[in-house]
Each structure stands twice: as structure tokens, then as C-alpha cells.
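Everything on this sheet refers to the single structure shown next.
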Amino acid sequence: MANASFSLHTKDRKRQIQDRLARGIVSFGGLSVLAGLIFIFVYLAFVTLPIFSGATTTWLQPVPMITSTPIIASVVDDNAENVRFYTQDGLVTQRSLATGESTTERYAEDNDVVTASSKLLILTRNSNEITAIEPSIIQSENDDALASHKRNERKWITASTDDRPIELASAVRNNNIISFVTLDNLGRVHLIQDALSMGHATTEQTTVATPLTRFESQPEIQNNIITTSFVLPEVEQILLTPSADVVYARAANELYVLVLQDKALVLREVVDLSAVSQSPVMSMELLSGAYSLLIQYQNQQIWQWFDVLANRERTLTPIRSFDFSAPVERVLPETLSKGFYVQLANGELDGRYTTSERALLNIPLPAGDVHSIALSNNNRYAALVIGDALHVVKIDNDHPEISWSALWGKVWYESYPEPEFVWQTTAANDDFEPKFSLVPIAFGTLKAAGFAMLFAVPIAIFGAIYTAYFMSSSMRKVVKPTIELMEALPTVIIGFLAGLWFAPIVESHLPAVMMLLISLPLLSLATGVVWYLIPRKLTTKLPSGLHPFTLIPVILVAIYLMMTYSYDMEVWLFGGDVRVYLAQHGIDYDQRNALVVGFAMGFAVIPTIFTIAEDAIFSVPKHLCDGSLALGATQWQTLLYVVLLTASPGIFSAVMMGLGRAVGETMIVLMATGNTPILDWNIFEGMRTLSATMAVELPESDVGSTHYRLLFLIALILFSFTFVVNSMAEWVRQRLRDKYSAL
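With full-length UniProt numbering, letter number 553 in the sequence shown gets 553, and the count goes up by one each step, no holes.
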């Protein structure tokens, strides 16, 4: 007995060690999984959060600078290494911030009148002769911008007809072409298109007799002046778009919009700018891309206006306003984006982004009078001459176009007729503004998952009920593993077949497919009624659990008849072409649509729902069913009031698992939807989902860009959605389990 007691004690000790070891391994595995989930969430949040952070600024060391002449224009390069100042007296000074060296030269004669216009300087002489130079950093003798600074090689053009003196002028550069618009002393507008070109230096003969080095920035004068036949009174400011086809002329609070049509300037409309603000207008500037006007008002407001197409006519429309804490003294539009900066009278520099309506920054400026402000072309540096010093501030503002309202709300984009949800990240031209609304692709995700679940849930749940409760055990051993094997089929194969094989069949036999969706459930019910009416002495001859075989001939015959007579139904019901019929009723049809996705993704989701639901139903204790039947309940009553209630937690979990699978599916929706981000519940149109967007666009996005981080936000949304759905499913499952565990 002593040996037996010792042996038992030894086994108990070994068992305790094994139990502790197993407990430690299981706990470590569970904690590792939890840590992995937390790490994924933290990493996605770490990559995503910078797009919601505001701009940061860093002031560089100020440089002493004394200027006695007003600065009319200034430029700073993209690395804040050199700053160039153009003064009213015709001198230009370029200063190196690294070495402190500076060079000064003359860019205009004493009798030249210099005015600033957008990114150019306009020089006027003899009242009606003008030319333009581009303020820019000169790096070498072969620099593109150097040519227009050569006074002895500068070309002058006549800015008005009849040698009339000009009072206002504006110039724009489009690629290498410079165009002008002028206003003479009578109030007539003159448009001079393609007047000058700018480029690298070339050695060739000019139109004058003496050979010299001619720069392409100084070509032969075109002299193609387009003059209005009408007069615009009391114009204070005039602007020209880079395409040289739209002229904005402001007279106090009225804006004249002139457009180029058939080689003539036509007055398209006269706009009362004060109507939206009830305040006098101070000035106007073109936003980057020249599709929008920024109108500055006296009441500390700036309004964005742009053309809106209404009733087939373009009308300049007020879109959104920006309020400031003090009067605005200067407006500086950014070069490459839809943002702008303003200098306020209270000594602050304020930055806004128009599309996202986001306040980018608000920083106090050093004390003193602000003589000039220049933004670098990459919008990363601002050079300010304040008092007797040159101040340079570095602006880190990589994601100004992102805000919660821009991601989830309607945004009125330039040239759009109304606010819309739009996902469009790239385009062919540089004036394009990325559109990052997540609503279309989130909607597409729910649409695809909804139609897939609509197709998969009834088939999977009813199939699971029949397999677990009615089917014979021998047949169940064949059916259940077969359906489970369906889950091993790669979704890329399902998507490939759906997009290239099944979608054309649905398109060519659309009436048959729609009729089958309606007729197959009805035929199944009708077959059940007929089976019920057949004498029992005949139906009992069929082995128990093999009743579904009676439906197979009915389904096959129905499919054959519908597909064979699909064209006849199309002619009879829809006049020959169902797609034309749908189009006439405002319903678009795409070959790769939600109907195809519903079939394909439903086919992929069915095994998941079926397996979990069937296991839950089959696991209902047999004594519960036997007790119900013994008390006189029928098989159907036992199924409804005992089996399904007991198995409801498992069935609910099955549906939630299927929903998670449908929401996260990528390859099927990528290959079978058309991948178009639209907002429409039309079953005959496609969609774009969150997961498909990540798969398509992430390899093409620049690391660290707004687009790149936004795709990680999409991943975070999918991750969070799955986490929330699974957590809710577990909570509901536990509640149902506690409720029906007493059965």
C-alpha cells in the first residue's frame, strides 16, 4: 500500500506539472494572439493619425535686412537657401540664407511702371507697351527665368488698340506661354494670347538685323489683340486665368465675367459679390488651378466662388466662407494645392484649406511692419520681411486636404454642380484635386456584403437545418464534408469565373435569371405541397432523409426552360432588349454588377455559415428533442420551439462570421464588380469596396503620402468593423446561451 500511495502521489505531481505547463502554454498562446491584435491596431493607428494632425512650424534664424524701397514681389526656393526681392525702384536682390551673400541688379528702367500680377511682374512703358518677367531664383546663366530679366533682350508688346493708355493689366503663364489682359482708359478690355514664351537659351537669328543670343522666352511678337466692343466702368482689379479664356474684372462690389468665344470676348454675367456677405469687397485672388476665386470682404471674411453648371449654363456661385479673428491684410494662395494663407491685422499668419474647410495653422508673427511674404512652390517655406529682418518659417503640413467632414460628408468640389461624395485619387492633369470621400467605398462594401448575405443566409441556414435535423446520417456524412470543401476553393478562382464566365451569361439571359430568382422558391414550395398530397403509402417508400432528390428534377427542368426561352420572354415582356428597357426607366445596367457579386460571394460565404450553423443545430442534446416529441409535439414544433431556440447562439454566430467574411472579401469584388465607387443600390450596377480599394491602390501609392495613410485608415476601419461585429456577436451569443441554457 505504501508503494501504491507513493506512486499515486508521484502521478499527481506529474499531472500537476503537466496541467500547469498546459495552462501556461494556452495562456501564452491566448495572450500572444491578444498582443498581436493590439499591435496591429496600434500600428494601423500610428500610420493613420498623422493625416489628422495640424501643421507645425519652425522659425529659422532671422537675417538682418534693411530696405528703403517698397518690395513689390519676393520669392523663396524650395529649400529656403535663397530669397529674391523685387523692389519698386526696379532693383532685384538675391540673398543666400546659407552664406549671407547678396547680389543686386536692375531689372527695370527708371521710367518703367512695375505692377505685380499673380506669379508674374508686369512692366509698362510709354503708357501702352508691356512685358512680363517671372520672379524666381536665378541659379545660372542657363536658367529658364533669366531670359526675361535681360533688359537689353526684353520684348515689348502693344497692350491696347489705337495706342490707348492702359490702366490695369494682368499676366499669366501656362507652361511656357505668357498671355496678357489689359484695361485701357476708356474701359475696354484687351486680351493678348500667347504673347511671349519662356524657355532655355538658344543661339539663333532674331527678327532684328543684328545677330545676338536670343532666348526662347523672348519670341517674335504675336500682336493678336482681342478687344471688347463694350466698356466696363470703374474697374479696380482684373485677373486672367492661365488658359487665357476667362477674364474677371472687378468694379467695387460687381464682378464682370468675360469668356473667350469664337475669338471674341463675351460678357457672360455680372455678379453682385456683396450679396452673400453684405460687406464691401476688398480684393480677389485666383486659387491654385484658377477654377476658384477667393473674394476678400471688409467684414473679416473670405468667400470661395467658382463656376457651377446649372441649366446647361455656367454661373459663378459662392460656395463656402472663411471667418478670421481680425481684418485680412494680404491673401497668399498656395501653388500646388487648394489652400491659402492670410496675413491678419493683429499680427498673425492664418492658413486654411478650402475643400476640407480645415484651419491649418495660426501663428503670431514677429513684431514689426510686414513688407512682403513669399511662399515656396512646394508650400514648405514662407519668407517674410518684417521690420529690418528677413524671417523664414518652415511649414510642415503634409495632409491639409483631410478632415472628418471631407471623409464622411458631402463636399462641393470645383466644377461640380452640387456637393457630392466622391472617391477619385488620381487624374491626368496637374490641376486635379484628389477627392478622398470614404462614403462611396464604405457604401460599396455594405452593398456587396448585403447582396451576398441576402443570397447566402437563407440557403446556408435552411440547408444546415435540413442536414442536421432531417437528413439521414449516411447522407449527412457525404453532404456536410462536401459543402465544407467548398470553403477551400480560392476566392480568386470564384472571382475569375464570376467576372469572365458567369457575368456574360447573366447579361445575355437576364430575364431568365430574374425569373429563376422568383420561380425556384415558389417551385420548391409547390413541390412540397404536391408531396404532401401524395398518399403516404407512396411517400414512405422513399428512404428517410432523401426527400431533396425530388426537387432536383424540378429545379433542372425550371432552369432549362427559363434559359431556353429567355429571349422569347425578353421580346414578350421588354420589347426585345431588357437593358434598353431598363435604361428607358432610368436604371443602368453594367455587366459586372451587384447581382453577379451576390451570387459569387454568396457561394463563398455559404460554407462558413452552413458549417457553424449545422454544428450548432446538430449539437442540440437529443433528450430535448425526445422529450418534446414524447409530450406530443410534432417534428416541426420541436424544430421551431426547441432545436432552433437552443441552437440560436450558434446560428447567430454563423451569420456574423459570414458577414465578417463578406465585408473583408477582396478578390471576388475586385474581379466581378467593375470597381467603380458609386452610391446606388441598383442591383444591376457595380461598386467599389474598402478591401478592393486597398488591393488596387496601395501598391501604387507613395509611402507616407496622404493617399498611402488614407489606405491604412481604410485598413483600420475594416479591422475595427470586424472587431466590433465579432464582439457584438459574442455578447449576443452569450445572452442567448444564458437565456436558453435552461431548456
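Heads up, the beta-carbon is just placed ideally off N, CA and C, and yes, glycines get one too.
Treat the numbers as computed from the prediction; the structure is a model and nothing was measured.
Residue environment for threonine 161: exposed (fewer than 16 other C-beta atoms within 10 angstroms of its C-beta). Aspartate 369 counts as exposed, since fewer than 16 other C-beta atoms from the protein chains shown sit within 10 angstroms of its C-beta. Among the bridge pairs identified by DSSP, glutamine 296 is matched with Ser283, Ile302.
In the three-state reduction of the DSSP assignment, glycine 598 falls in the helix class, which pools H, G and I. Closest by C-alpha distance to aspartate 680, out of Pro504, Thr445, Ser566, is Thr445. Here histidine 399 carries a coil assignment [DSSP, helix/strand/coil]. Secondary-structure assignment with DSSP links valine 271 through a beta bridge to Leu255. Bounds of the alpha helix (DSSP H) holding tryptophan 636 are 635 to 638. In this model, proline 364 and phenylalanine 340 are separated by some 17 angstroms (Cα to Cα). A Cβ-Cβ distance of about 7 angstroms is found for the pair valine 189 and alanine 249, placing them in contact under the 8 angstroms criterion. Pairing leucine 713 with isoleucine 238, the inter-Cα distance amounts to about 44 angstroms. Between threonine 115 and alanine 359, the alpha-carbon positions lie close to 31 angstroms from each other. For tyrosine 560 and leucine 573, the gap between their C-alpha atoms comes out near 19 angstroms. With respect to the 8 angstroms criterion, alanine 80 and isoleucine 395 are not classified as neighbours on the basis of their beta carbons.
Taking C-alpha positions only, proline 135 is separated from isoleucine 122 by approximately 10 angstroms. Within the same chain, Cβ atoms closer than 7 angstroms to the Cβ of threonine 48 are found at Arg709, Phe712, Leu713, Leu716, the five residues on either side in sequence being excluded. Of the other Cβ atoms in all chains shown, 16 or more fall within 10 Å of the Cβ of histidine 391; this residue is therefore buried. Shortest Cα-Cα distance from glutamine 301 to any of Ala383, His399, Gln278 involves Gln278. With a 10 Å radius around the Cβ and a threshold of 16 neighbouring Cβ atoms, proline 649 comes out buried. Within its own chain, the residues whose Cβ lies closer than 7 angstroms to the Cβ of aspartate 590, once the five positions on either side in sequence are excluded, are Gly674, Phe684, Glu685, Gly686, listed in chain order. Of all C-beta pairs linking the segment 430 to 442 to the segment 401 to 417, three or more are shorter than 8 angstroms, placing the two stretches in contact.
In the DSSP annotation of this structure, the continuous segment of the beta strand (DSSP E) that includes proline 364 starts and ends at 358 to 364. Taking a C-beta distance under 8 angstroms as the contact criterion, lysine 480 and glutamate 697 do not qualify as a contact pair.
Within its own chain, the residues whose Cβ lies closer than 7 angstroms to the Cβ of glycine 463, once the five positions on either side in sequence are excluded, are Phe610, listed in chain order. Relative to glutamate 101, the option among Leu293, Glu109, Arg84 whose CA is nearest is Arg84. In this structure, the CA atom of isoleucine 51 is about 17 angstroms from the CA atom of methionine 694. Between phenylalanine 306 and serine 405 the beta-carbon gap is near 19 angstroms, outside 8 angstroms, which marks them as no contact. Glutamine 193 is classed as buried because its beta carbon has at least 16 other beta carbons within 10 Å across all chains shown. Judged by DSSP secondary structure, proline 318 falls outside any alpha helix (DSSP H) and instead within the beta strand (DSSP E) spanning 313 to 323. When beta bridges are read from the DSSP output, tryptophan 59 appears opposite Val393. Per DSSP, the beta-bridge partners of arginine 173 are Ile178.
A distance below 8 angstroms between beta-carbons, with the five flanking residues on each side excluded, links glutamate 348 to the following residues of its chain, in chain order: Ser325, Ala326, Asn362, Ile363, Pro364, Leu365.
In this structure, isoleucine 72 lies away from glutamine 94, with their beta-carbon atoms at least 8 angstroms apart. With a minimum length of 3 residues, the unbroken runs of beta strand (DSSP E) contained wholly in the segment 78 to 123 fall at 82 to 87, 91 to 96, 102 to 106, 113 to 117. Taking one beta carbon from each stretch, the segment 268 to 286 and the segment 244 to 259 have 3 or more pairs nearer than 8 angstroms; the two touch. Proline 62 and glutamate 109 have their C-alpha atoms some 31 angstroms from each other.
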